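Below: the structure, in structure tokens.
6 protein chains.
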Amino acid sequence: MKKQFIKDLKAGTQVDDVFYCSRRDVKERRDGGAFLTLELRDRTGSAPAIMWDRIEDALRCVEVGGFYRVVGRMGDYQGKPQFTVSLIYPANSADISRDDFIATSRYDREKMLAELRGYVAAVKNRYLRALLDAFFADPEFVAEFSLVPAGARVHHAFLGGLLEHTVMMCRAAQSLPDIYTELDRDLLMTGVILHDVGKVREYVYDVAIDHTPDGRLMGHLVMGAKMVEDRIAAIEGFPAELSRMIRHIVLSHHGELEFGSPKTPKFAEAFLVFALDYADSRLAIFREVVEKNKNAKWTDFNPYLETNVYIKDQPTG
Amino acid sequence: MKKQFIKDLKAGTQVDDVFYCSRRDVKERRDGGAFLTLELRDRTGSAPAIMWDRIEDALRCVEVGGFYRVVGRMGDYQGKPQFTVSLIYPANSADISRDDFIATSRYDREKMLAELRGYVAAVKNRYLRALLDAFFADPEFVAEFSLVPAGARVHHAFLGGLLEHTVMMCRAAQSLPDIYTELDRDLLMTGVILHDVGKVREYVYDVAIDHTPDGRLMGHLVMGAKMVEDRIAAIEGFPAELSRMIRHIVLSHHGELEFGSPKTPKFAEAFLVFALDYADSRLAIFREVVEKNKNAKWTDFNPYLETNVYIKDQPTG
Amino acid sequence: MKKQFIKDLKAGTQVDDVFYCSRRDVKERRDGGAFLTLELRDRTGSAPAIMWDRIEDALRCVEVGGFYRVVGRMGDYQGKPQFTVSLIYPANSADISRDDFIATSRYDREKMLAELRGYVAAVKNRYLRALLDAFFADPEFVAEFSLVPAGARVHHAFLGGLLEHTVMMCRAAQSLPDIYTELDRDLLMTGVILHDVGKVREYVYDVAIDHTPDGRLMGHLVMGAKMVEDRIAAIEGFPAELSRMIRHIVLSHHGELEFGSPKTPKFAEAFLVFALDYADSRLAIFREVVEKNKNAKWTDFNPYLETNVYIKDQPTG
Amino acid sequence: MKKQFIKDLKAGTQVDDVFYCSRRDVKERRDGGAFLTLELRDRTGSAPAIMWDRIEDALRCVEVGGFYRVVGRMGDYQGKPQFTVSLIYPANSADISRDDFIATSRYDREKMLAELRGYVAAVKNRYLRALLDAFFADPEFVAEFSLVPAGARVHHAFLGGLLEHTVMMCRAAQSLPDIYTELDRDLLMTGVILHDVGKVREYVYDVAIDHTPDGRLMGHLVMGAKMVEDRIAAIEGFPAELSRMIRHIVLSHHGELEFGSPKTPKFAEAFLVFALDYADSRLAIFREVVEKNKNAKWTDFNPYLETNVYIKDQPTG
Amino acid sequence: MKKQFIKDLKAGTQVDDVFYCSRRDVKERRDGGAFLTLELRDRTGSAPAIMWDRIEDALRCVEVGGFYRVVGRMGDYQGKPQFTVSLIYPANSADISRDDFIATSRYDREKMLAELRGYVAAVKNRYLRALLDAFFADPEFVAEFSLVPAGARVHHAFLGGLLEHTVMMCRAAQSLPDIYTELDRDLLMTGVILHDVGKVREYVYDVAIDHTPDGRLMGHLVMGAKMVEDRIAAIEGFPAELSRMIRHIVLSHHGELEFGSPKTPKFAEAFLVFALDYADSRLAIFREVVEKNKNAKWTDFNPYLETNVYIKDQPTG
Amino acid sequence: MKKQFIKDLKAGTQVDDVFYCSRRDVKERRDGGAFLTLELRDRTGSAPAIMWDRIEDALRCVEVGGFYRVVGRMGDYQGKPQFTVSLIYPANSADISRDDFIATSRYDREKMLAELRGYVAAVKNRYLRALLDAFFADPEFVAEFSLVPAGARVHHAFLGGLLEHTVMMCRAAQSLPDIYTELDRDLLMTGVILHDVGKVREYVYDVAIDHTPDGRLMGHLVMGAKMVEDRIAAIEGFPAELSRMIRHIVLSHHGELEFGSPKTPKFAEAFLVFALDYADSRLAIFREVVEKNKNAKWTDFNPYLETNVYIKDQPTG
């Protein structure tokens, strides 16, 4: 278990812990010798590192994509942290834990999963219920669904991200059929729960989060609709109409063709799954951006929100 | 009180009731004489009318924009209703009631207003509460706010439309600060309640709903922000930060510049007021479109949703 | 078998043949009586029809969507053909043939199919060949593939349309791997042959061509990729890489997200299938537009080409 | 008064003058010591600075946002100027003058203001004249209006920028009502003079130019329309039509929704104020870009003009 | 010379004058006979016409594109004028004058031409002056330039339209080099005068205005640049730089690629020619739209302005 | 003749050869001295260079845009090559060959030209043939056409690029008139051969490839259409229709206004020249991108393809 995390290290601290190497360069010193620059990462961020002397052993063992025990001192470069490394060598695999290197949801995954099972249990339509059960009675699926991030970089890019994203959307969705009584509650909730299941095939997240080849070539909408169709095929008597509506919800939940949905939402429940997904994603970005800019009034321009974000300077009451 | 409404009149029915004249043309008959064609309206729709003989009196009294007692028979033209008029003359003003000529919310306006006052009463921030009270303690504003439509044609184009739209958004908004705990509940609810107040200056709705000149030249976002600023000016010590945030919510609630917001939402509560407004409007269009196409599987292409809408053929469970 | 087709009927011709009724209205005559207007169709087009007298029997039996024996005379209304009907009654089912009511490819379907089987036989990669064989050894699939239109209105909207479109693209594609030697010939040709297979589930074409519910809610790209994936699942040892590439070709062949592809082409063969599909479709529109405007120099504005089309006035040599 | 300005300093020059510090970093030397890098600014530009030795005192006193007396030598780094600092300490407030740190209009502000008062005096409509007088008889407004920049970075980003921009537009506008006789001269000129008054609340410009919170959350269009409405409210009998037209001009002068106008111009005078504003802004960018590239034939790609700019190599006659 | 023009004919007037036939249809009467409907035009507009009886002679002689003497009575159909024709036969060619059938500029063409020659004479650069002289000393060019419309439908669609458009732009341009002193006056004025010369090859306007084949296939920008290049080729020593700048002005004067300019303006004078062209065109549309809606407050939605236009109800002072 | 090319130099190699200097900076050493950084280029790429000591002579003779004999050692900086220079001085002009500094087509220019002359010889229409002969019998044109690149950076940015691009398009085009029999073969092939002739005036390519002023101000579409028109003017009896069609092909071959075509394609042959040009260009980018990323599965995001490119990991069969 790591004890020293990049985000918390102050300039001047002595460091002795495991880090992931995400970049490695050999550079020439003025006197003709060489020095080594690295980028080290853990789940809290990344920092550049520099090793001036006795780099011969390091040159032999350090590669991009490996985990290393790093001894040195945290310094400061342009107001940002920078390691000065005195010793670096391969870490014991016993000392490497994924939770140290990918961020994880602030919420307890077990509790979220239990809450989600509650939403599943509340579905009354027997076909939709059977479909959800087919997914959530499959331990392999549940394990993946509970762990996979919901994004690679922009939002929910952490372990349990998809679970957190889905649960938040369920909470927001559940009161809506009481307000908009024309909605089919079971269809809406099933759509919310399943809209992103394709993401379990979209990401790898052993250490860094990355897209699978299938994720980039097909995308989680198409893969998710296929997963749903395969589960439906095993349920006897599943109505054709219901099948096409739930698959349409999965395919259309990005809302617009230019966001990668091959079809736009064609009924109210499909529209709402898109709207809830959109709102939860944007709120997550607002939240993360504000958390990273505690003492500012304005953040930098955020390319996903396409604006600077304003930060309240005080409780407004 | 009218008893015969256009939507309900079957072909073959004898008609004798009050209608609003929205078009009037004189046309030439083959034998050199003239006949009269009209468009008649009430709150349920419009229908063409034709008067073949003895049109001299009609020519003298019938004008666009007037209310007339019409005697005749409802016929059928290209599968659509058409009046054949035998007699037409000005209606008694005692027989003319606006509720007969503009549609009205399916919900009781008094109950909706009471519910809205409940949301106002739940606001704890004393400045925001004072701002809301300034609006809702003003009987003239309340009368307008309760009656004005929230749209001219597309959605909520009926008496009480703004009130219904605002109350539905309040219902949908109120659980969100429990789910997304970073939200400022009072700011969000105040934003929801006030986001469209400018619409009381955007529409006239004596008979047909139309835009005011100010509505078209300034728009309800700018007029609403001004109304809020004027009320704030009368509240001592209202914090500048809170003032600019609430006005920003009003101005940014169309979400994108190309939808007429001069600024895009720059914090989470502003974004959410936009998202709730967007969702409630779209859901209203889905609802109206489905209601008008009861027996179809697909509606015509809807220009606001930019798609045909799919209609479920049966309960899905 | 029909002998009189709408496109060929000159004004003044006596008509006695079977037509499809696509619209029906009862209208009021000035003397209080009624007359009937219809729209009649066959595979060559549609024309309005009017029936002035003795319409009682017609009113009882004529409905939209039926086939009728029509006796009357072809007239002219605003330079366009119009029937004057004297007698109309239900057609014998023996007199109704789909080929009379939907247009068909100008090429022989058997010959085109044989040519296509030749392209299949030329594929050397054993997995791709097995995949193609799985489709083209299935008589039900072949029957549908040979008959289904490739469009509902704009281009290839005729029986055998998909087959013609696919064969033309094969012809254009086959020389390209000799020119661009980096291309994988088998992958390209398989992609061309399979890119639109989902269209067999996109259209119904019993009389008029229309979309299936699945066609509108999922679309032929997603359905086609699913059909390919299902066939692949039955082929032992099919390489994962090849599987994802061929499915990506199907999904990306509309080229841009805004044209309904959930992913844009990510390698050269996928790009080329898009380019060939695009070129063949546009050329078909140019061809149809020119054929309909034989004596003009310019056609009307064509919404798909987004331009008027120029027509050469003579052999250019 | 400063004598040494960044733009004019040649490599090799000894420097001893006051600068504004806009960045400050402590970096690690190879020998374990530290050095200091800064960014220094004045009205003519900015330059990086580096301090190698004896930085302890500097570390204590130098902060971002302060003014400092800097002693050192101007060097060259990648063809661009770089200070090497030997001594740095807080400047005497008597030595700090805003005009040294923000650029100023090339024209005399007094003369421009006098010219502008001439355009005001020429307005004959008594209500519009009263409105203009209400602004220009207010010394506080006049002081701000004469000093505020018209932009933060792109054009007119200097003291007196708004005044210069407005006067230039007045000059260009005044002949147009003679050419286009349907124009209302007084409405046009009033619109030109007032279109940007909201900018006095959009910028702070004590040292660097920046947006106010209100500027970013509301924008100068909405704030300007409010300022106009407030002044109008104090003028007895001001016609409603005229009021909404002049406010519409202010709100619509960005011409398109996507440029931040909540309404597009709805009459000729409003359109022309937009066109004049657009032309004056673009011409200012062309002018500045050409001035910065005296000896080139082409400038770099300019993101506001969305093109490289061509520069004539000689008098063309 | 015509005396009766469509725009001025009141319902009930007896008509006997020459009109252009732009549509002709034969329709069937209920009694089996036929009647004739036409569209008649002159320079003031168009109106439908109907001929009930004795149409045999008319059928023989009336064709689309011919001029006819029409005797009959002006009636009213849906509030719009409609002829009832009693007699129609080919007009004497002596009675047909183009000025009766295409609208013409409200300004005197000779005076406008003289004014334009004044702008030419004021150009001091000897090469640009020689270029302008090459055009304006060519009587054939001058004749075409003075007569050709500047548009087919939207604005300046009348004889002398290009001349009027060019002169108005010259008037607006001439004060700008005094205001923006960095401008090259001769280059700007030459650009204004020549920017649309290609239009003499873009339109035919014998009776109705239409595009030439070259106009639609190449466009007036490319043809104009070619005309300029050809004239330059005949001027000895014309500087290459000046040649490419003036041709660039012609090619870039639509301002944006999507408006058909192959290049966007790359220096200030080119930008200004675009801006002046844009402003003059839009002002012309505003003017025409207002003139056609004298008594309204709002016009219909105008597709070129992309808005409804507001009309002042009174002098604003 | 160069023997050492940047792309092939491994870290550690001793270098002694001619390079082109494309950047030069003097920087300050910590001890107050100076060092020199350069960018060196040849046809295979560019690399940074650094010179630490004895730079006085270098400072005097090294300028951007010159060719230099460079002695030193190739090192490594952040995984990329970097020269350490010990000696640098002007190269002998005898040692400078353009082919060493601009890349060249992988195909033999003489053979490509012969193939192209074959396509010319196959044109049967005597006017089009005469037009092609007019170009290809002109040795100066042929020399330029055979050497000019077809792009500055993105694709075909090498000597012989236009020739290669044109020949590849000819190969792809020649089978299409057999498949799409409505096509005019001669018009299509002439369009393909001439579509880019304007590029001989668009680029300079003495050392680095750059745009001419005319290229940026007019573009190769307009210049090419002019070149075609000039050649046509010398051919007696060339039909006007044919002339405008071939010029339209040249002008419209970018397909869309926003890609710089002043007109979109208005007949099938013009559309096909666009489609072939588009396909050949994109395929060239795919090819170059794959070649540069031999061992990857995905390339970086490519701004022209607007995607990452997927690279097959093995023969797919």
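Residue numbers (this note's numbering), protein chains in the order written: chain V, 1 to 317; chain Z, 1001 to 1317; chain H, 2001 to 2317; chain S, 3001 to 3317; chain L, 4001 to 4317; chain B, 5001 to 5317.
Glycine included, every Cβ here is placed at the ideal spot set by N, Cα and C.
Owing to the predicted nature of the structure, the values given are computational and were not obtained by experimental measurement.
Annotation for residue 3148 (chain S): 3162, 3199, 3200 and 3203 place their beta carbon closer than 6 Å to its own, counting only its chain and skipping 5 residues before and after. Residue 2009 (chain H) and residue 1288 (chain Z) have their C-alpha atoms roughly 44 Å apart. For residue 5239 (chain B), no Cβ of chain L is located within less than 8 Å of the residue's own Cβ. The straight-line gap separating the alpha-carbon atoms of residue 4262 (chain L) and residue 25 (chain V) is approximately 46 Å. For residue 4101 (chain L) and residue 4072 (chain L), the gap between their C-alpha atoms comes out near 20 Å. Residue range 2268-2291 is occupied by the alpha helix (DSSP H) that includes residue 2283 (chain H). Note that the segment 57-70 of chain V touches the segment 79-96 of chain V; at least 3 beta-carbon pairs, one per stretch, sit closer than 8 Å.
Residue 4312 (chain L) does not reach chain Z, its nearest Cβ partner there being about 11 Å away, counting only Cβ pairs nearer than 7 Å. Residue 2187 (chain H) and residue 2249 (chain H) have their C-alpha atoms spaced approximately 9 Å apart. In this structure, the CA atom of residue 2181 (chain H) is about 25 Å from the CA atom of residue 5190 (chain B). Using a Cβ distance threshold of 8 Å, residue 1255 (chain Z) and residue 1278 (chain Z) count as a contacting pair. Per DSSP, reduced to three states, the secondary structure at residue 2106 (chain H) is coil, with no helix or strand assignment. Around the beta carbon of residue 304 (chain V), a 10 Å sphere encloses fewer than 16 other beta carbons of the protein chains shown; the residue is thus reported as exposed. The beta carbons of residue 197 (chain V) and residue 224 (chain V) sit about 5 Å from each other, so the pair counts as a contact at 8 Å. Using a Cβ distance threshold of 8 Å, residue 3292 (chain S) and residue 1229 (chain Z) do not count as a contacting pair. When DSSP states are grouped into helix, strand and coil, residue 1082 (chain Z) belongs to the strand group. Under the criterion of beta carbons closer than 8 Å, residue 2 (chain V) and residue 17 (chain V) qualify as touching, at roughly 5 Å. Listed by position along chain B, the residues whose Cβ is nearer than 9 Å to that of residue 2264 (chain H) are 5305, 5306 and 5307. The Cβ of residue 5208 (chain B) sits no closer than 8 Å to any Cβ of chain L. The continuous beta strand (DSSP E) containing residue 2047 (chain H) extends over residues 2045-2051. Cβ proximity to chain H below 7 Å picks out 5168, 5171, 5172, 5175, 5176, 5179, 5180, 5182, 5184, 5186 and 5187 from the segment 5166-5192 of chain B. Residue pairing by DSSP places residue 3039 (chain S) opposite S:3023 and S:3048 in a beta bridge.
The C-alpha of residue 2054 (chain H) lies about 40 Å from the C-alpha of residue 1302 (chain Z). Taking CB atoms only, residue 4213 (chain L) has a neighbour in chain B less than 8 Å away.
The alpha carbon of residue 2213 (chain H) has as its nearest neighbour, out of V:47, V:205 and V:266, the alpha carbon of V:266.
No Cβ-Cβ contact shorter than 8 Å links residue 3145 (chain S) with residue 3105 (chain S).
The DSSP-derived three-state label of residue 2253 (chain H) is coil. Apart from sequence neighbours up to five positions away, the residues of its chain that approach residue 1152 (chain Z) with a beta-carbon distance below 7 Å are 1203, 1209, 1210 and 1211, ordered along the chain. Cβ-Cβ distances below 8 Å link residue 276 (chain V) to 169, 172, 173 and 192 in the same chain, with the five nearest sequence neighbours on each side left out; the list follows chain order. Where residue 4220 (chain L) is concerned, the enclosing alpha helix (DSSP H) starts and stops at 4220-4233.
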